[in-house]
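> Residue numbers (UniProt numbering): 1 to 134.
Positions of the beta carbon are idealized from the N, C-alpha and C atoms, including for glycine.
Quantities reported herein were computed from a predicted structural model and do not represent experimental measurements.
Have a look at this one before I ask anything.
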Amino acid sequence: MATLTAAQKRTQARIEYDAYLATCPSRQLLSTLGDKWVALVLSALAEGPARYSELRRHIAGVSQKMLTQTLRTLERDGLIDRDVEPTVPVTVRYSLTPTGHSLFAVVSALKSWAEQNMQTVLEARSAYDAAAGS
């Protein structure tokens, strides 16, 4: 087997992780990252480490089940760390990993865009619904 140059390795990596291909594993990651709770948890943790109860209070509307599932998924994907302190009762703090911080830059831009453009989107929805109803 021939040795690949760095450029060839990058090209091969791009081919292996092409989200347009049905078999690409990055599709699963994209699906996870598209979840609203993921964006909100990452945003909350970007402010600093937090306990479960702090996250639950900070993120309005998240159920215990969804927060638990989201935290487990993010931990599994290496985006957050779960630090267990041996106290009575046990204290658990969540924080972003370096990979989580790099993803937060993207999530932050998306969150800001949504907040800034929501009125325009609501107006477009109303116009579309009115036209579809006539």
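#1: Tell me the residue span of the beta strand (DSSP E) that contains Leu-4.
#2: Would you list the residues sitting across from Val-92 in a DSSP beta bridge?
#3: Where does the unbroken alpha helix (DSSP H) through Glu-115 begin, and where does it stop?
#4: Look at Val-107 and Ser-43 and say whether their C-beta atoms are less than 9 angstroms apart.
#5: Can you list, in chain order, the residues of its chain with a C-beta nearer than 7 angstroms to that of Leu-30? Leave out the 5 residues immediately preceding and following it.
#6: If the criterion is Cβ atoms closer than 9 angstroms, does the pair Leu-45 and Gly-133 meet it?
This is what the structure holds:
#1: Taken as a continuous stretch (DSSP letters only), Leu-4 belongs to no beta strand (DSSP E), as it is neither H nor E.
#2: Val-84
#3: 98-133
#4: yes
#5: Answer for Leu-30: Ala-19, listed in chain order.
#6: no
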